[in-house]
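Novice: Mind looking over this structure? Questions follow.
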Amino acid sequence: MTCASDSAGCLGASCYMDVILHIGAHRTGSTSFQQYLRANRTVLAADGIGFWGPWRTRKGMLHGVSERPQTAKQTRHAVGRVKLNLAGADARGIRQLIVSDENLMGTARRSLRKARLYPDIGERMARIHSAFEPVTRIMVQVRTLDRWWGSAMSYLIPRGEAVPSAETLDTIASSDRSWRHVITDLACACPDAEIIVTPFERFAPHPDHLLGLAIADAEIPPAAMGAFWANRSDTLPALRNTLLDRGDFPDLLPEDTGRWQPFTPYQASALREAYADDLYWLRAGAEGLAKLREDPMPARPANKLAAALTERGQIHDWSARRLEKTR
Numbered sequence: 001m002t003c004a005s006d007s008a009g010c011l012g013a014s015c016y017m018d019v020i021l022h023i024g025a026h027r028t029g030s031t032s033f034q035q036y037l038r039a040n041r042t043v044l045a046a047d048g049i050g051f052w053g054p055w056r057t058r059k060g061m062l063h064g065v066s067e068r069p070q071t072a073k074q075t076r077h078a079v080g081r082v083k084l085n086l087a088g089a090d091a092r093g094i095r096q097l098i099v100s101d102e103n104l105m106g107t108a109r110r111s112l113r114k115a116r117l118y119p120d121i122g123e124r125m126a127r128i129h130s131a132f133e134p135v136t137r138i139m140v141q142v143r144t145l146d147r148w149w150g151s152a153m154s155y156l157i158p159r160g161e162a163v164p165s166a167e168t169l170d171t172i173a174s175s176d177r178s179w180r181h182v183i184t185d186l187a188c189a190c191p192d193a194e195i196i197v198t199p200f201e202r203f204a205p206h207p208d209h210l211l212g213l214a215i216a217d218a219e220i221p222p223a224a225m226g227a228f229w230a231n232r233s234d235t236l237p238a239l240r241n242t243l244l245d246r247g248d249f250p251d252l253l254p255e256d257t258g259r260w261q262p263f264t265p266y267q268a269s270a271l272r273e274a275y276a277d278d279l280y281w282l283r284a285g286a287e288g289l290a291k292l293r294e295d296p297m298p299a300r301p302a303n304k305l306a307a308a309l310t311e312r313g314q315i316h317d318w319s320a321r322r323l324e325k326t327r
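Here the sequence shown is numbered in the UniProt record's numbering, starting from 1 and rising by one per residue.
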């Protein structure tokens, strides 16, 4: 990337360091991706790739940035703190910095309590973008909505949330807010950043391919399919035991043995239809706001073979048509 501003304007993310924000969403393999990056941190650093994960962003660095600051002075201090950290990364020779934290876009807990998908992402990301700017790229991973909500609930119940009521489930299923609206809010908050959207269903087992979309001109450490898979949802028996241990009624959940599907078939169908509409919108270009990347696999060698065959012509056919000599 290049920077047209004067030297004073380059003290934050530097004129030469790309900042890539990987913002989740929750329950889409974010922790697995962070584990992959951490496992390959030394290799990436040798290539000028830096990585900040939640263990750094949640220790005070973003205080007053991710949440609404109380005063203008707090805002200046918060932004200055981020800029100093960015300047330090640049001084160490980092060419591309990946900041991965799913809480940047909000929390799953707030989404559940509001029964709306990331209701305040625009306001939060506008503050974060201001602190990190210029931001080169923002990575967002989405997931079919019935599975996303079910996974979020299964994650939050062991962490103190109540089992959602039938009214809450109906409100979620009938909501007009989906990934399209989340991405639109994000694009409005970060107008200068490239937004890349990937489906969880395709990229969750392939963190290396996700990294390949996030950065440029770097060697990507390979990862075996499914080698990094963290924070899996609790099964129904585990959730029922959680409720029992804290004095709630385990009968609030069905007595099945697999993953919990909180929605009725009709509600789940409505959420899947909304997700299909989101993907259709993304495939159609997302009104220029974002780019969808769906294929995590590299080009196959067969393509090279097909290209080689185009060099053959009629002169090559003559020998193939000759009859074998009689013996």
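Beta carbons are placed, not taken as given, at the ideal position from N, Cα and C, and that holds for glycine.
Ser111: buried (16+ other C-beta within 10 angstroms of its C-beta) or exposed?
Specialist: Under this definition Ser111 is a buried residue.
Novice: First and last residue of the beta strand (DSSP E) that includes Asp18?
Specialist: Here the beta strand (DSSP E) through Asp18 covers Asp18 to His22.
Novice: Since I believe Ile128 is in contact with Leu186 (beta carbons under 8 Å), could you give me their beta-carbon distance rounded to a whole number of angstroms?
Specialist: No, Leu186 and Ile128 are not in contact; Cβ-Cβ is about 10 Å, not under 8 Å.
Novice: How far does the beta strand (DSSP E) with Gly106 in it reach, from first residue to last?
Specialist: Segment: none, Gly106 is in no beta strand (DSSP E) and carries neither H nor E.
Novice: How long is the line joining the alpha carbons of Ser233 and Thr75, rounded to whole angstroms?
Specialist: Their Cα atoms are separated by approximately 37 Å.
Novice: Return helix, strand or coil for Pro158, following the three-state DSSP convention.
Specialist: If DSSP states are grouped into helix, strand and coil, Pro158 belongs with the helices.
Novice: May I have a chain-ordered list of the beta strand (DSSP E) segments no shorter than 3 residues that lie completely inside the stretch 146-206?
Specialist: Fully enclosed beta strand (DSSP E) runs of 3 or longer: 194-199.
Novice: Return yes when the Cβ of Asp90 is within less than 8 Å of the Cβ of Trp179, no when it is not.
Specialist: Not a contact, by the Cβ cut-off of 8 Å.
Novice: Can you have a look at Ala216 and say buried or exposed, based on whether 16 or more other CB atoms are within 10 angstroms of its CB?
Specialist: Looking at its Cβ environment, which holds fewer than 16 other Cβ atoms inside 10 Å, Ala216 is exposed.
Novice: DSSP state of Ile98, grouped into three classes?
Specialist: In this structure, Ile98 counts as strand in the three-state DSSP scheme.
Novice: Can you give me the Cβ contacts of Ala306 inside the same chain, cut-off strictly under 7 Å, excluding the 5 residues immediately before and after it?
Specialist: In this prediction, Ala306 scores a pLDDT of 37, lower than 50, which makes its location untrustworthy; the coordinate-derived value is nonetheless stated afterwards. Excluding sequence neighbours, Ala306 sits near nothing in its chain.
Novice: Using 8 Å as the threshold, is the stretch 49-60 in touch with the stretch 162-176, meaning 3 or more CB pairs across them?
Specialist: As far as the Cβ criterion goes, the stretch 49-60 does not touch the stretch 162-176, which means the pair count is below three.
Novice: Helix, strand or coil: which one does DSSP assign to Phe51?
Specialist: Strand at Phe51.
Novice: Rounded to a whole number of angstroms, what is the C-alpha to C-alpha distance between Ala284 and Thr31?
Specialist: Rounded to the nearest angstrom, the two C-alpha atoms are 30 Å apart.
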